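Undergrad: Take the sequence shown: its letter number 64 is residue 131 in this note's numbering, and every next letter is one higher.
By construction, the Cβ of each residue, glycine as well, lies at the ideal position given by its N, Cα and C atoms.
Predicted model only: the values in this text are computed from it and were never measured.
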Amino acid sequence: MELNGIKANFLGDSITEGVGTSSPDKTFHQLIAKKYCLAASRNYGISATRLAKQYKPSDNPRADLDFCSRVGEMDGDADLIVVFGGTNDYGHGDAPFGEFGDRTPDTFCGACHTLMSSLITKYPDAVIVIMTPLHRASEDVPSVGNHLPLLEYVNMIRRVAEFYSLPVMDLWSVSGIQPRVKAIRENFCPDGLHPNDAGHERMAERIANFLLTL
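What follows is the structure in structure tokens.
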């Protein structure tokens with residue numbers, strides 16, 4: 068895929084928004100935009116948001132703007148859509164995990180289907196890339212509502228993306244960021260969840276290399 072001159076939408080949570088970085092221009096997508104001369108790199112990251120709907124309202128209503136509900140608000144002229152979420156569904160989402168056959172955003176599985184099918188409908192000519200969550204320090208602690216490790220969410224994202232034949236940037240497997248390794252955490256992910264500037268640089272390099280192969 069040629070990146071020079073394209074318009075890209077990045078839909079995500081706090082990592083996409085830039086929590087953990089020193090400034091907005093240090094996020095992985097802005098680093099890619101600068102290096103590869105994108106015509107537009109739009110940040111649709113909102114902290115604490117999830118793919119699936121939240122049943123019990125959060126203290127901050129903005130945190131309940133699930134990914135599926137935000138598709139309609141994104142600019143429609145994008146050549147590239149990059150989706151990066153799921154860690155908050157595991158971390159503090161209260162929607163049921165659900166089954167692969169679900170097709171509504173009321174469960175995590177259903178939200179994966181709803182989100183991907185909605186993006187394909189809105190952007191039939193764009194490249195749509197799904198990214199798996201990064202490792203996090205608490206990834207083996209059972210999720211709040213579903214008592215599952217984060218890997219179960221990662222695997223479902225992979226499975227649904229495969230169903231729609233969407234390319235998967237498997238950050239879980241190849242990001243080089245595993246905060247349970249002391250040296251990695253200290254250098255790339257100090258809080259165990261959000262990459263710092265160096266972490267975003269590492270992500271940007273690997274994501275860009277993946278995009279160039281499409």
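So, is L182 buried or exposed, given that buried needs 16 or more other C-beta atoms within 10 angstroms?
TA: Looking at its Cβ environment, which holds 16 or more other Cβ atoms inside 10 Å, L182 is buried.
Undergrad: According to DSSP, which residues form a beta bridge with R109?
TA: R109 pairs with N76.
Undergrad: In whole angstroms, what separates the C-alpha of P128 from that of H214?
TA: When rounded, the distance between both Cα atoms is 25 angstroms.
Undergrad: Looking at the unbroken alpha helix (DSSP H) that takes in I99, where does it start and where does it end?
TA: Where I99 is concerned, the enclosing alpha helix (DSSP H) stretches over F95 to Y103.
Undergrad: According to DSSP, simplified to helix, strand and coil, what is M183?
TA: Three-state result, M183: helix.
Undergrad: Do T116 and the ligand SAM come close, with the Cβ less than 8 angstroms from some heavy atom?
TA: No copy of the ligand SAM occurs in the structure displayed, which carries no ligand at all.
Undergrad: What is the DSSP secondary structure of M198, counted as helix, strand or coil?
TA: DSSP places M198 in strand when its eight states are reduced to three.
Undergrad: For R203, count the other beta carbons within 10 Å of its own beta carbon; 16 or more makes it buried, fewer makes it exposed. Which is it?
TA: The residue is buried, with at least 16 neighbouring Cβ atoms inside 10 Å.
Undergrad: My assumption, with CB atoms under 8 angstroms, is that A162 sits in contact with D169. Please give the rounded CB distance.
TA: Contact flag wrong, Cβ pair sits at about 10 angstroms.
Undergrad: Along the beta strand (DSSP E) that carries L260, what are the first and last residues, could you check?
TA: Taken as a continuous stretch (DSSP letters only), L260 belongs to no beta strand (DSSP E), as it is neither H nor E.
Undergrad: Does the distance from the CB of Y220 to the CB of P200 come in under 9 angstroms?
TA: Yes, these two residues count as a Cβ contact at 9 angstroms.
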